[in-house]
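Going from the sequence shown to the working numbering is simple: count from 1 and add 19. Beta carbons are placed, not taken as given, at the ideal position from N, Cα and C, and that holds for glycine. Only a predicted model underlies this, so the values are computations on that prediction, with no experimental measurement involved. In what follows, a single structure is set out as structure tokens and then discussed.
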Amino acid sequence: MVHLRAEQLGHRYGRRILFRRLDLELRGGTILAVTGANGSGKSTLIRILAGLLTPSRGKVVLTLDGRSVPVDERPFHVGLVAPYLNVYDAFSARENLAFVARARRLPDARRRIDAVLERVQLGGRGDDLVATYSSGMKQRVRFAVALLASPSLLLLDEPTSNLDAPGRAMVAQLIDEARREGRAVVVATNDPDEAARCDRRLCVEDYG
20 MVHLRAEQLG HRYGRRILFR RLDLELRGGT ILAVTGANGS GKSTLIRILA
70 GLLTPSRGKV VLTLDGRSVP VDERPFHVGL VAPYLNVYDA FSARENLAFV
120 ARARRLPDAR RRIDAVLERV QLGGRGDDLV ATYSSGMKQR VRFAVALLAS
170 PSLLLLDEPT SNLDAPGRAM VAQLIDEARR EGRAVVVATN DPDEAARCDR
220 RLCVEDYG
């Protein structure tokens with residue numbers, strides 16, 4: 020069982036305080052919406068939870084089946100989708116995924132890649148260069164990368180950006196599947212409908 024806990028988190032850029040004394044706790048099978056105006060710190064919080072950014076104050080603890088996961092191991096257990104994550108245009112989607120699989124030493128890489136391409140509805144385009152993809156298709160590749168290792172925690176920063184209606188429906192389905200599979204999911208969003216589908220809500224501005 021996955022358990023995510025943030026204790027007394029605070030972060031600032033120079034003199035500007037984004038948030039302070041922020042606590043959260045999340046267990047598997049639960050979806051948390053992180054809301055707030057643009058620039059309020061949603062993406063910063065996601066990056067801190069992912070272990071990509073050290074908070075100015077406080078700490079984040081991720082445990083799996085009672086074992087604390089060190090920060091340097093967190094990428095193996097966390098799937099992150101965010102607009103600022105690059106995919107390689109010069110490679111196909113399949114090659115992007117194969118690169119990640121090798122870096123993480125994932126077993127059954129070919130099976131995993133085939134399965135995840137189908138989940139994000141790119142099965143028929145997996146061998147095309149990402150340079151030929153629309154922005155929405157690139158977002159699907161980001162989801163494929165995030166799901167490849169079957170992570171216990173999904174961190175989704177504006178997950179439906181650049182997606183059309185079928186793409187948004189795919190995201191909703193993937194989040195529902197993650198809940199049923201016992202994963203913990205954090206969704207940073209300004210979309211009221213997206214937030215309404217989550218089990219709980221945290222507004223970053225409440226901690227400013």
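> What is the residue span of the beta strand (DSSP E) that residue 42 lies within?
Replying inline: Locating residue 42 in the sequence shown gives position 23, where the first residue counts as 1. Element bounds for residue 42: 35-46.
>> Report the CB separation of residue 110 from residue 164 in whole angstroms; it is logged as a contact under 8 Å.
In response: Within the sequence shown, residue 110 is the residue found at index 91, counting from 1. Within the sequence shown, residue 164 is the residue found at index 145, counting from 1. With a Cβ gap of about 12 Å, residue 110 and residue 164 do not count as contacting.
> Shortest alpha-carbon distance to residue 151 belongs to which of 208, 61, 106, 89?
Replying inline: Translated into positions along the sequence shown, residue 151 becomes position 132. Residue 106 is the option with its Cα nearest to residue 151.
>> Taking the beta carbon of residue 179 as the centre, do at least 16 other beta carbons fall within 10 Å, making it buried, or is it exposed?
In response: Indexing the sequence shown from 1 puts residue 179 at position 160. By the 16-neighbour rule on beta-carbons within 10 angstroms, residue 179 is buried.
>> If you reduce the DSSP assignment to three classes, tell me which class residue 107 lands in.
In response: Locating residue 107 in the sequence shown gives position 88, counting from the first residue. If DSSP states are grouped into helix, strand and coil, residue 107 belongs with coil.
>> Quick check: what's the CA-CA separation for residue 24 versus residue 162?
In response: Within the sequence shown, residue 24 is the residue found at index 5, counting from 1. Within the sequence shown, residue 162 is the residue found at index 143, counting from 1. Here the alpha carbon of residue 24 sits roughly 24 Å from the alpha carbon of residue 162.
> Going by the beta-carbon positions, is the gap between residue 217 and residue 101 smaller than 9 Å?
Replying inline: Counted from its first residue, the sequence shown places residue 217 at position 198. Counted from its first residue, the sequence shown places residue 101 at position 82. In this structure, residue 217 keeps its C-beta atom at 9 Å or more from the C-beta atom of residue 101.
>> Looking at residue 30: is its Cβ nearer than 9 Å to the Cβ of residue 74?
In response: Walking along the sequence shown from the start, residue 30 turns up at place 11. Walking along the sequence shown from the start, residue 74 turns up at place 55. Taking 9 Å as the Cβ cut-off, residue 30 and residue 74 qualify as a contacting pair.
> Where residue 135 and residue 167 are concerned, what is the direct C-alpha to C-alpha distance, given to the nearest angstrom?
Replying inline: Indexing the sequence shown from 1 puts residue 135 at position 116. Indexing the sequence shown from 1 puts residue 167 at position 148. Taking the straight line from one Cα to the other gives about 6 Å.
>> Looking at residue 198: is its Cβ nearer than 9 Å to the Cβ of residue 49?
In response: Numbered from 1 along the sequence shown, position 179 holds the residue referred to as residue 198. Numbered from 1 along the sequence shown, position 30 holds the residue referred to as residue 49. Result yes, Cβ atoms of residue 198 and residue 49 sit closer than 9 Å.
> Terminal residues of the continuous beta strand (DSSP E) containing residue 27?
Replying inline: Position 8 of the sequence shown holds residue 27. It spans 21-32 - the beta strand (DSSP E) in which residue 27 sits, taken as one unbroken run.
> My guess is that residue 69 and residue 97 are in contact by the Cβ rule of under 8 Å, so how many angstroms apart are they, rounded?
Replying inline: The count along the sequence shown starts at 1 and reaches residue 69 at position 50. The count along the sequence shown starts at 1 and reaches residue 97 at position 78. Rounded to whole angstroms, the Cβ separation of residue 69 and residue 97 is 6 Å, and the two are in contact under 8 Å.
>> Relative to the C-alpha of residue 54, which candidate in 181, 187, 177 has its C-alpha closest?
In response: Numbered from 1 along the sequence shown, position 35 holds the residue referred to as residue 54. Comparing Cα positions, the closest option is 177.
> Hey, quick one: how far does the alpha helix (DSSP H) through residue 135 stretch, first residue to last?
Replying inline: By one-based count along the sequence shown, residue 135 stands at place 116. For residue 135, the enclosing alpha helix (DSSP H) has its first and last residue at 128-138.
>> Whole angstroms are fine: how far does the CA of residue 116 sit from the CA of residue 124?
In response: Your numbering for residue 124 matches position 105 in the sequence shown. Your numbering for residue 116 matches position 97 in the sequence shown. Approximately 12 Å between the Cα atoms of the pair.
>> On the DSSP letters alone, give me the boundaries of the beta strand (DSSP E) that residue 54 sits inside.
In response: Locating residue 54 in the sequence shown gives position 35, counting from the first residue. Run containing residue 54: 50-54, per the beta strand (DSSP E) assignment.
> Where do the N-terminal and C-terminal ends of the alpha helix (DSSP H) with residue 63 fall, by residue?
Replying inline: Reading the sequence shown from its first residue, position 44 is the one you call residue 63. Residue 63 -> alpha helix (DSSP H) spans 61-69.
>> I need the DSSP call for residue 73, collapsed to helix, strand or coil.
In response: Position 54 of the sequence shown holds residue 73. Coil.
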